[in-house]
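Visitor: Respectively, the protein sequence lines represent chains Z and C.
Just so you know, we're using our numbering here: the first sequence kicks off at 1 and counts up by one.
Just so you know, we're using our numbering here: the second sequence kicks off at 1001 and counts up by one.
Quick one: structure below, then a few questions.
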Amino acid sequence: MPRAGGPPRLALEIRSKRFEGREVLHGLRLEVAAGEAVALIGPSGSGKTTALTIAAGLDEDFEGSVTLGPGVRLAYVFQAPRLLPWRSVRDNVALALPRAQRRGPTADRLLAEVGLEGCAGQYPGELSGGMQRRAALARAFALDADILLLDEAFVSLDGSAAALLRSRLAAHLDERGRSLLLVTHDLDEALELADRIVLLGGTPARDLADLPVPGARSARPPDFGERFRRDHAEILARAGLHAK
Amino acid sequence: MRLPSPRLLGFVASLALFAAIWQLGAAMADSRSLPSPSAVATVLLREAMNGNLAYHLGATLGRVAAAFLVAYAIGAAIGVALGRSRRLDILFDPWLVFFLNLPALVTIALFYVWFGLTEAAALAAVAANKVPTVAVVLREGARALDRQYFEVARVNRFSRADLLFHVVLPQLQPYLAAAARSGLALIWKIVLVVELLGRSSGVGFQIHLFFQVFDVAGILAYALSFIAVVQFIELAVLQPAERRAARWRPAPSRA
Chain Z
1 MPRAGGPPRL
11 ALEIRSKRFE
21 GREVLHGLRL
31 EVAAGEAVAL
41 IGPSGSGKTT
51 ALTIAAGLDE
61 DFEGSVTLGP
71 GVRLAYVFQA
81 PRLLPWRSVR
91 DNVALALPRA
101 QRRGPTADRL
111 LAEVGLEGCA
121 GQYPGELSGG
131 MQRRAALARA
141 FALDADILLL
151 DEAFVSLDGS
161 AAALLRSRLA
171 AHLDERGRSL
181 LLVTHDLDEA
191 LELADRIVLL
201 GGTPARDLAD
211 LPVPGARSAR
221 PPDFGERFRR
231 DHAEILARAG
241 LHAK
Chain C
1001 MRLPSPRLLG
1011 FVASLALFAA
1021 IWQLGAAMAD
1031 SRSLPSPSAV
1041 ATVLLREAMN
1051 GNLAYHLGAT
1061 LGRVAAAFLV
1071 AYAIGAAIGV
1081 ALGRSRRLDI
1091 LFDPWLVFFL
1101 NLPALVTIAL
1111 FYVWFGLTEA
1121 AALAAVAANK
1131 VPTVAVVLRE
1141 GARALDRQYF
1151 EVARVNRFSR
1161 ADLLFHVVLP
1171 QLQPYLAAAA
1181 RSGLALIWKI
1191 VLVVELLGRS
1201 SGVGFQIHLF
1211 FQVFDVAGIL
1221 AYALSFIAVV
1231 QFIELAVLQP
1241 AERRAARWRP
1251 APSRA
């Protein structure tokens, strides 16, 4: 697992974020280093998506700061797939590619990577919700960004499809030393992909803990999830993540 | 051999019924004021053979096209600007209401008085009549633009051209199509009036001439041929273009 030192690719500090006067986030700091995968996890309504949109620069109405390393580029996978419905699946992916590569085979290769070989010519409306999610992931791969921001990207996929996609994602990240900032409410998903887990909880939400996940992503023993839950039972409960 | 569709059969039957009633009425009236379909067809053939029909139809179509393009471009730009900016909308909405309610005849008379009986004045008058209606439709379109796709464009680093062609225009397409169809229908009627009042060519000019000698057959011959041309544009250009643009929509709404 490449866990490089040096300055973080992304440093996020949210001192306060309000929606119509109501404070939803109060104190969140997190950093993502090169090649590192960080999961931001918390119960629904804890402001995870909000934090992610702030990190992506899509929401600038907050107190705090977002700092990107020099030349760092982001890709973002929204909670809803948000494919352009009037463009074919292939065009949706191709539009995220550099202009010179749009007509080449890259888009088809990326679609094959997420198991959508046969669907390139179809419109997003002709795909199931899960297939649209996969296409959205292929589009994010097309950007070839330094950090991938993922908002609940595996929701509504059935178990095996989600597992397959997670392994494709892990391979994509490992191959290129890319970083990941993952928002999820699913601790198992976080444990499978992340090097660190930042817990978000309370009202307004703040970061409760920043827990390192031991070992490399690809080489964790089968029972390590249970151990992690046991070791951090108290803090996980405080974040509203009860043991299964 | 494939049988003709019920729709086509119905269309032909409808036309035949119309012609039959017309023929019957003309026979009963037996008057120069209501010529029979065959009398109109004779005039139509004569005008087509001597080249008058093509000349005047061409003149009118040219004016329709020029006025349409000008009105469409200006109206769309104004509409999108008003739809995107609340301040501009508050400021200029009363103007829009005013111009929407200004009778075409008034605009035409004023433009001819101000700028003379010129081609430019004629086209400007027609375009000025159409700009507000295009603007109103496109304002709705601009208001309906979905913010989530602008965020997609942003995170995927779309260029301005990408944003326009892949995010903005596809969303505006139904509104652009609606403005085009209603625009065509409105503009060709106004062009005839402009020609009647101050041009020496075009279908409107010809109808004016026939009117002065009470030649109803001539009036009907030109009117019918122009309706046919406009319908042809609708069926052969606008509808296929719209179908093409709506390919991506899920099947139920395609009907």
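Built from N, CA and C at the ideal position, the CB exists for glycine as well.
With DSSP run on the structure shown, which of helix, strand or coil describes C:Y1055?
Guide: helix
Visitor: Identify which residue in C:G1058, C:S1033, C:W1095 and C:I1074 has its Cα closest to the Cα of C:W1188.
Guide: C:G1058
Visitor: Tell me, please, whether the CB atom of C:E1242 is closer than 8 Å to any CB atom in chain Z?
Guide: no
Visitor: By the 10 Å Cβ neighbour count, where 16 or more other Cβ atoms means buried, how is C:A1255 classified, buried or exposed?
Guide: At C:A1255 the pLDDT is 38, less than 50, meaning the model places this residue with poor confidence and gives no usable figure here.
Visitor: If the cut is a Cβ gap below 7 Å, which residues of chain Z does C:P1174 touch?
Guide: Those do not exist, as C:P1174 stays about 11 Å from chain Z at its closest Cβ, beyond 7 Å.
Visitor: Please state the DSSP three-state secondary structure of Z:A120.
Guide: coil
Visitor: Could you name the residues of the same chain whose beta carbon sits closer than 8 Å to that of Z:F224, not counting the 5 residues immediately before and after it, in chain order?
Guide: L191, P214 and G215
Visitor: Measuring CA to CA, which of Z:G121, Z:R168 and Z:A219 is closest to Z:F141?
Guide: Z:R168
Visitor: Under the DSSP definition of a beta bridge, which residues are partnered with Z:G64?
Guide: Z:I14
Visitor: Exposed or buried, which one is C:M1049 when buried takes at least 16 other CB atoms within 10 Å?
Guide: Looking at its Cβ environment, which holds fewer than 16 other Cβ atoms inside 10 Å, C:M1049 is exposed.
Visitor: So which residues of chain Z does C:V1168 contact, with C-beta pairs closer than 9 Å?
Guide: By Cβ distance, chain Z contributes nothing, its closest Cβ being about 11 Å from C:V1168, past 9 Å.
Visitor: Can you name the residues of chain C whose CB is closer than 8 Å to the CB of Z:L74?
Guide: V1155
Visitor: Any C-beta of chain C within less than 9 Å: which residues of the region 200 to 229 of chain Z qualify?
Guide: none
Visitor: How would you list, in chain order, the residues of chain C whose beta-carbon sits under 8 Å from the beta-carbon of Z:A56?
Guide: Within chain C, the C-beta atoms nearer than 8 Å to that of Z:A56 come from V1155, in chain order.
Visitor: Can you tell me where the alpha helix (DSSP H) with C:S1159 in it begins and where it stops?
Guide: Unbroken run through C:S1159: none, as it is neither H nor E.
Visitor: Quick check on this structure: which residue in C:N1129, C:L1196, C:V1136 and C:Y1222 has the alpha carbon closest to the alpha carbon of C:N1052?
Guide: C:Y1222
Visitor: If you reduce the DSSP assignment to three classes, tell me which class C:R1063 lands in.
Guide: helix
Visitor: Assuming Z:L187 and Z:V77 are in contact, meaning their beta carbons sit under 8 Å apart, how far apart are those beta carbons, in whole angstroms?
Guide: Z:L187 to Z:V77, Cβ: 20 Å. No contact.
Visitor: Counting pairs of beta carbons, one from the region 1088 to 1108 of chain C and one from the region 1054 to 1073 of chain C, are three or more of them closer than 8 Å?
Guide: Touching, no, given that fewer than three Cβ pairs across the two stretches are closer than 8 Å.
Visitor: What's the C-alpha gap between Z:A100 and Z:H232?
Guide: 49 Å
Visitor: What in chain Z is Cβ-close to C:Y1149, meaning under 8 Å?
Guide: R82 and L84
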